[in-house]
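Numbering (our numbering), first residue to last: 57 to 744.
C-beta: ideal position from N, C-alpha, C; glycine also.
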C-alpha cells in the first residue's frame, strides 16, 4: 500500500493537522494558545516507535488502590456518479482478512467525495437543514431563520447513535450531535467582525442535538428520515437543561438568571458520545471554552478560556457568554449530557458527577452487579482521561419509575483519573522511538479517586479542594493528584467482546518541544503528529477495578516509518493512518477508527482493525471523506456502516461564495454536513 499522496494544503495546515478554519471555529485555535496544563505531573509521552516484530504482552498491574485498493467513490448528490479510486494492497474481497474486515481497502486519496470499497453502495441519510419537526420549512440557505433552524437538522454532525423503535417495523431513532458552526460556510457575505443577531440566533439553533426517526429499506442499507414523527426533537443552545448530581445547586453554578444553580440553557460543542444500557444517549461537551469572552481567573485559564472577545461574538447578544458579567455561566458547561430519545418532552440533564472538562465523549459498560462505569477523555494536549464508577444498580424494565431510577444512575458514585507507569527505566525512554531493553512499551496503571457522590452528599479525595470544586474544576483536581499527561485523549471505548478498553490519542505536536513535558513509555514520539491508541486491561477484567495494565496497540503513521506499530501485524499489508479520533466496535470485536486531521497527504477516513486472533493489528481503510471534512460517528452494524461527514469544505479562505467543496449536492449548491450510510450491494454483512 505504497500509494501515499504528497502532503496537501500545507499553507492551510495548523498544528495537529486541522485546517486554520477548523481551528478557528471548532476549538478556538487551541493549538496556538498556551498549553493550559502547566503542572509538573509525569508525562506519558513520546516513545514507542520501534516495535516492529513483536506482539505486545500485557503485564499484570500492580499499583495502589484507594476508596486502500480498488474502490467506488460516489459523490452523494441528486444523481451520484461512480468514480474509480486508486488500487492498493493485496487483499481480495471476501478472501483474506479478519471476519468483518474482508473488503478491498480504499487507497489514500484527495477526492471531493465519500470513497468506499468496491462492491459497496452509499447514500446520504440526512443533511444540515432538512426539516424534522412539524411546521419546519424546507431548507433554503438564502432565507435562513432561527425559527426554521430550530426545527431542522443541525449543523456539523458528530456523534451518531441508532436506537431501536419497538412497534414500528424497520424504524430506528437516529440521534446526532451538532458540535459547532462554520458561519462563513453558512451565510452569504458573512462579516466575522460584525455578525448580526439573526446569524447568531441561527447558530444557536444549529448547535446541540437532533433526534429523528429513520426508516430502513429491506434490501439495502438506505435510511430515510421520517419527518414530523412525534419522537423527532431538536435540542439547541437555548434549550433548558437540568444540572444534576453533587455540584447541582452549588454556589459555583449560580447565576443572575438562575439563582438555584440547577437550570442552564443550552449545550455547546457536543463532540462524541455514547449510548447507555438503559436506553438513553450521552453527549460530551468538548471545546466549550471558545464561546466565552473576557475571562481573567486562573481557573478559566486552566480551561483555555480567552481574555478577549470570542470568534463568534455571542457575548454581544447575551451577557451569559461574557465571563466579566456572568462569571459562573462558564462553570455550567463542559459536562456529559444525557438525553432520553423516547420522551421528547423530557428535560435533558448535565451530570456534574462525571466532572467538568473537555469531554470528547462518554461510553458505558456495566459491572457484574449492574452498576454503570463511564469512560471519558479530556481532549487537550497534556491532559487526562477519567472514569466514573456508579454506586447504584441499573433496573430492568420500561415503567416510568424504572426509567427515572436509571436516569439518576450517573449522579452517585466515584470519579477517577488515570495514572500510568511504564515498566522500563526512564533512562531507556529517550523519545526517539528506540525500544527499551524489554522490547515493548507497556506498563501498569491506577485509577486515582477524586471525589465520591452519595445521596447524603459528596466527599472530596483531593487535598485542599472541596467536593464541589473537584466536580467543577476537575482538571485542577487531576493536577493535584499527579495524573498522567496524555496526547489529547479523545474517544475511549471498552470492547464488548473482551472488556479491553481502547483510548484514542489523536496527536500532540508540542510534546518534547521547549519546556513542555517530554517522552515517557505510554505515548509515542516527540512532536507526535500522528497519534496512537492505548489498550487497557482492567484488573481481573472488572470494570470497577482501580488497577489496570496497558500496552500500545497501534502507533499511527505511514507503515514505512519505523516509528509505527500495528500490534505486531506485518506493516507491508496495512493501510496508513493518522490522527485517530472516534472509535467503535462491530459485532466481531473489530475496532473501527475515524480520523481527524490526517497528516499523510490524504483525506480523513474510517478504518477497521482486528483486535484479537492471528490477524490482530490488521488495519484497513474502509472509506475517505470529502475535501476539508472529518470522519465522525462512526456506527457499524451487521449490514450498515454510518459516518457523520463533518465540516466538508472547511478550508481557510472558503466561503459560501467561494466553496472549497461541492459535497454532497454538487456544483452550485451550498456545502452541507451530513450523515452517510454505506452497505454491501449484494445485501450481505459488512466485511464477511
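Hey, does residue i have any beta-carbon neighbour from chain C nearer than 9 Å?
i, result
"residue 313", "Within the model displayed, chain C is absent; a lone protein chain is all it includes."
Per DSSP, what are the beta-bridge partners of residue i in this structure?
i, result
"residue 688", "700"
"residue 501", "476, 604"
"residue 518", "Beta-bridge pairing links residue 518 to no other residue."
"residue 237", "DSSP output for residue 237 lists no bridge partner at all."
"residue 163", "Per DSSP, none; premise fails for residue 163."
"residue 808", "Look at the range of the chain in this structure, 57 to 744, and you will see that residue 808 is not part of it."
"residue 733", "179, 698"
"residue 513", "510"
"residue 432", "442"
"residue 349", "378"
"residue 437", "543"
"residue 208", "187"
"residue 661", "680"
"residue 708", "Partner(s): none; residue 708 has no beta bridge."
"residue 611", "588, 621"
"residue 715", "Looking at the DSSP assignment, residue 715 forms no beta bridge with any residue, so it has no partner."
"residue 496", "For residue 496, which the question treats as bridged, DSSP gives no partner whatsoever."
Assuming residue i and residue j form a contact by the criterion Cβ under 8 Å, report the distance between their Cβ atoms to the nearest whole angstrom.
i, j, result
"residue 767", "residue 707", "The structure shown does not extend to residue 767, since the chain spans only 57 to 744, so no value can be given for it."
"residue 92", "residue 342", "Not a contact, Cβ separation roughly 14 Å."
"residue 606", "residue 501", "6 Å"
"residue 181", "residue 681", "That pair is no contact at about 15 Å."
"residue 631", "residue 688", "So it is not a contact: roughly 19 Å between Cβ atoms."
"residue 403", "residue 298", "5 Å"
"residue 599", "residue 423", "5 Å"
"residue 583", "residue 569", "6 Å"
"residue 191", "residue 210", "Not quite, the Cβ-Cβ distance comes to about 17 Å (not below 8 Å), so this is no contact."
"residue 671", "residue 735", "23 Å between Cβ atoms; not a contact."
"residue 700", "residue 216", "5 Å"
Mapping DSSP to helix, strand and coil, what is residue i?
i, result
"residue 257", "helix"
"residue 341", "strand"
"residue 367", "coil"
"residue 67", "At residue 67 the pLDDT is 34, less than 50, meaning the model places this residue with poor confidence; the figure from the coordinates comes in the next sentence. It is helical."
"residue 622", "strand"
"residue 593", "strand"
"residue 630", "coil"
"residue 137", "With a pLDDT of 30 at residue 137, under the threshold of 50, the modelled position of this residue cannot be trusted, and the question is left open."
"residue 742", "coil"
"residue 225", "coil"
"residue 484", "helix"
"residue 115", "Confidence is the limiting factor: at residue 115 the pLDDT is only 27, short of 50, which leaves the residue's position unreliable and the question unanswerable from this model."
"residue 462", "helix"
"residue 416", "coil"
"residue 567", "coil"
"residue 678", "strand"
"residue 355", "helix"
"residue 577", "strand"
"residue 813", "The displayed coordinates of the chain run from 57 to 744. Any statement about residue 813 would go beyond what the structure contains."
"residue 457", "helix"
"residue 525", "helix"
"residue 797", "Residue coverage of the chain in this structure runs from 57 to 744, which leaves residue 797 outside it and unanswerable."
"residue 725", "coil"
"residue 530", "helix"
"residue 535", "helix"
"residue 410", "helix"
"residue 421", "strand"
"residue 249", "coil"
"residue 110", "In this prediction, residue 110 scores a pLDDT of 29, lower than 50, which makes its location untrustworthy; the coordinate-derived value is nonetheless stated afterwards. It is coil, neither helix nor strand."
"residue 194", "coil"
"residue 654", "coil"
"residue 81", "helix"
*Please determine if the segment 268-287 and the segment 174-183 are in contact, where contact requires at least 3 C-beta pairs separated by less than 8 Å.*
By the Cβ rule, the segment 268-287 counts as touching the segment 174-183, because three or more pairs are nearer than 8 Å.
_Three or more C-beta pairs under 8 Å: does that hold for the segment 355-375 against the segment 440-448?_
With a cut-off of 8 Å on Cβ pairs, the segment 355-375 is not in contact with the segment 440-448, counting fewer than three such pairs.
*Are the segment 264-271 and the segment 375-389 in contact at 8 Å, needing three or more beta carbon pairs?*
With the rule of 3 Cβ pairs closer than 8 Å, the segment 264-271 does not count as touching the segment 375-389.
_Taking 8 Å as the cut-off, does the segment 284-293 touch the segment 235-249 (at least 3 CB pairs, one atom from each stretch)?_
Verdict: no, contact absent.
*Would you be able to state if there are at least three C-beta pairs under 8 Å between the segment 300-309 and the segment 710-727?*
They do not touch, by the three-pair rule.
*Would you say the segment 478-488 touches the segment 504-516, given that touching needs at least three Cβ pairs under 8 Å?*
Here the segment 478-488 does not lie against the segment 504-516, with fewer than 3 beta-carbon pairs under 8 Å apart.
*May I have a chain-ordered list of the beta strand (DSSP E) segments no shorter than 3 residues that lie completely inside the segment 259-339?*
At a cut-off of 3 residues, the continuous stretches assigned as beta strand (DSSP E) that sit fully inside the segment 259-339 are 264-272, 279-281, 289-291, 296-300, 319-321, 326-331.
*Touch test, the segment 615-629 against the segment 550-568, Cβ-Cβ under 8 Å, three pairs minimum*: At 8 Å Cβ cutoff, the stretches do not touch.
*Could you tell me whether the segment 524-531 touches the segment 348-362, where touching means 3 or more Cβ pairs closer than 8 Å?*
Judged by Cβ distances under 8 Å, the segment 524-531 makes contact with the segment 348-362, as three or more pairs qualify.
*Any contact of the segment 414-431 with the segment 337-352, i.e. 3+ C-beta pairs under 8 Å?*
Yes: at least three Cβ pairs fall under 8 Å.
*Decide if the segment 387-407 is in contact with the segment 305-321; the criterion is three or more beta carbon pairs, one per stretch, under 8 Å apart.*
Enough Cβ pairs lie closer than 8 Å, so yes.
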